[in-house]
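Notes follow once the structure below has been shown.
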Amino acid sequence: MGEIINYWTFIYGPLAIFLVGVYGLLTQKNLFKLVISINIMDLGVNLYIIALGYMDNASAPIYTAKLAVTSSRFVDPVPQALVLTSIVISVAVTAFVLALVIKNYEKYNTLDLIKIKGIEND
Amino acid sequence: MKKFWAIITVLLILFFLGSGLIPDLKIYKQNNLSQKTGKVYLNRTVNDDSPFKEIDKKLYGEANDVENNAANSVTSVIVDYRALDTLGEVTVLFLAITGVIALLGKSKKNNRILFEKPNYILNASSKILLPLIVLFGFYIFIHGHITPGGGFQGGTIVAASVLMMYFAQNNYKLKNNRMKVLESFSGLSFLIFGLLGIFIMGDFLQNFLELGIMGKLFSGGLIPIIYILVGLKVSAELSNVVYEFMGEE
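Those protein sequence lines, which keep their order, are chains A and B. Letter 1 of the first sequence, counting from 1, is numbered 1 in the numbering used here, and no numbers are missing. Letter 240 of the second sequence, counting from 1, is numbered 240 in the numbering used here, and no numbers are missing.
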C-alpha cells in the first residue's frame, strides 16, 4: 500500500500536474492564463526532479544537532539544488513575460488571443 | 472540438511519458546508492548508532573536517561546488529584470495602482510589520549555510515586504535608485570574491577563507559571504520588479 502511494505521489502526481499545464496551454485564449499554464508545467517538472532524489527513511540534507533515530541518511541534495536554480529562472522568465503581456494590453486593449489576431472564432 | 483535440494530445503525452516511466518503477524502490551523485553526503551522519559511524562521522557543532563545513548540503552544492552556476543564474535574473525595466520603465507615465480605501488593519500594522519582515529576510539569508533557506529565499521575503507596503499605503514610494546601486554593488562584489579565489588559491570562486566548525555562524569560509551578497542582489532586483509593476505616480 505504501509503495503504491509513493509511486502515485512522486511520479504520476507531477506528471498529472504537468499535463494540466499542457491542457491549459492548448485550450486557453487569455494571455494571462497561458502564463499561469506555463508556471503549472514548471511546477510539475520541479516536483518530479525532487522526487528522483527520494529515499526511504531519510531526512532533509541538513546537519542538525538532533536528528530522528530512524533517519540516519540524507535524501539526495543535488536535485534540490537544481530545482532551486530552476525556480529562480522561472520567476525571472515569468516577470519578463508578464511585462510583455502588459505592453500587449496597452497596444490592443485586450488579453484575448483570438481578438488580437483578428481570427473568427469557430 | 478544440477541447477534444486538446484532451487527445494530453492523453498521447501521458502515454509516451507514462510508459517510459513504468519500467523504472521497480528500480525506483531499490535505489543503488553508489550511483547517486550525493553519495558522499548520504554516508555522513550525526547519529551515534548508525552503520556508517566508523566510516565517516560528522558531529554538528564539533566537526571541522568536512569538505566545506556548511551544515546545509544544498547550500554547499549551490554556493561552493556549483558557484559558477549560481553566477550564471544571477546573471539570468539580472537580464530578465533589465528586460522588465526596459519594457515598463520609461514607455509612458503609467499610473500608479491606487486603492480607494486601503485596508485599515493592513495600513495600521504595516509600519510595525515592515522591520520585522525585513529582519526575517536578512536572518534567512545570513543563516543560509546552517538552516533551511538562503539568499534567494531571503531576498524574496524582503521584496515581499516592499509589495506589502505598496498594498498598505497609497503614498508609499520605493527609492529605486538606491536599490539599483545596492544591486550593482552586490553583483560586483560576487565577481570580486570570485577573482580573489584565482589570485589566492588558483581557481575561480574557490573557497579561500578559514572553514571553521560546522554549525557555527562563522563557518564555511566564503559560503555565507557569497550567499549574503546574492540575497542583497535578489532582494534589490525583485523590489525593482515590484516598483515597475506597480507604476509611478
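Heads up, the beta-carbon is just placed ideally off N, CA and C, and yes, glycines get one too. These numbers were taken from a predicted model, which means no experiment stands behind them.
Asked	Found
Determine the direct distance from the alpha carbon of B:ALA6 to that of A:ILE49, and round the result to whole angstroms.	26 angstroms
Going by DSSP in three states, B:SER19 sits in which element: helix, strand or coil?	helix
Answer yes or no: do B:THR274 and B:VAL234 have a C-beta to C-beta separation smaller than 8 angstroms?	Lying outside 1 to 249, the shown extent of chain B, residue 274 of chain B is not represented and no answer is given.
Going by Cα to Cα distance, which pick from B:ILE13, B:PHE245, B:ASN72 and B:GLU248 is closest to B:SER253?	Not covered by the structure: residue 253 of chain B. The range shown for chain B is 1 to 249.
Shorter than 8 angstroms from the beta carbon of A:LEU19 to some beta carbon of chain B?	yes
Just mark A:ALA65 as buried or exposed, buried being the case when its beta carbon has 16 or more other beta carbons within 10 Å.	exposed
Is A:MET55 near A:PHE18, with beta carbons less than 8 angstroms apart?	no
Whose CA, out of B:SER189, B:ALA159, B:HIS145 and B:GLY187, lies closest to the CA of B:LYS175?	B:ALA159
Look at the Cβ atom of B:GLN206, then the Cβ atom of B:GLY212, and state whether they are nearer than 8 angstroms.	no
So which residues of chain B does A:LYS107 contact, with C-beta pairs closer than 8 angstroms?	Chain B residues near A:LYS107: none, gap ~11 angstroms exceeds 8 angstroms.
Using 8 angstroms as the limit for Cβ to Cβ distance, is B:PHE152 near chain A?	yes
I need the DSSP call for A:ASN30, collapsed to helix, strand or coil.	strand
Ordered along the chain, which non-local residues of its own chain (more than five positions away) have a Cβ less than 8 angstroms from that of A:LYS115?	TYR108
Decide if B:GLY137 is buried, meaning its Cβ has at least 16 other Cβ atoms within 10 Å, or exposed.	buried
Counting only Cβ pairs nearer than 8 angstroms, list the residues of chain A close to B:ARG252.	As displayed, chain B neither begins before 1 nor continues past 249, which places residue 252 of chain B out of reach and without an answer.
Is the distance from the Cβ of B:LEU93 to the Cβ of A:VAL88 below 8 angstroms?	yes
Under a three-way DSSP split, which group does B:GLU116 fall into?	coil
For A:VAL78, which residues in the same chain have their Cβ closer than 8 angstroms to its Cβ, ignoring the five residues on either side in sequence?	GLY53
Could you work out which residues of chain A lie near B:SER186, taking near to mean beta carbons separated by less than 8 angstroms?	Under the 8 angstroms cutoff, chain A gives no residues; its nearest Cβ is about 15 angstroms from B:SER186.
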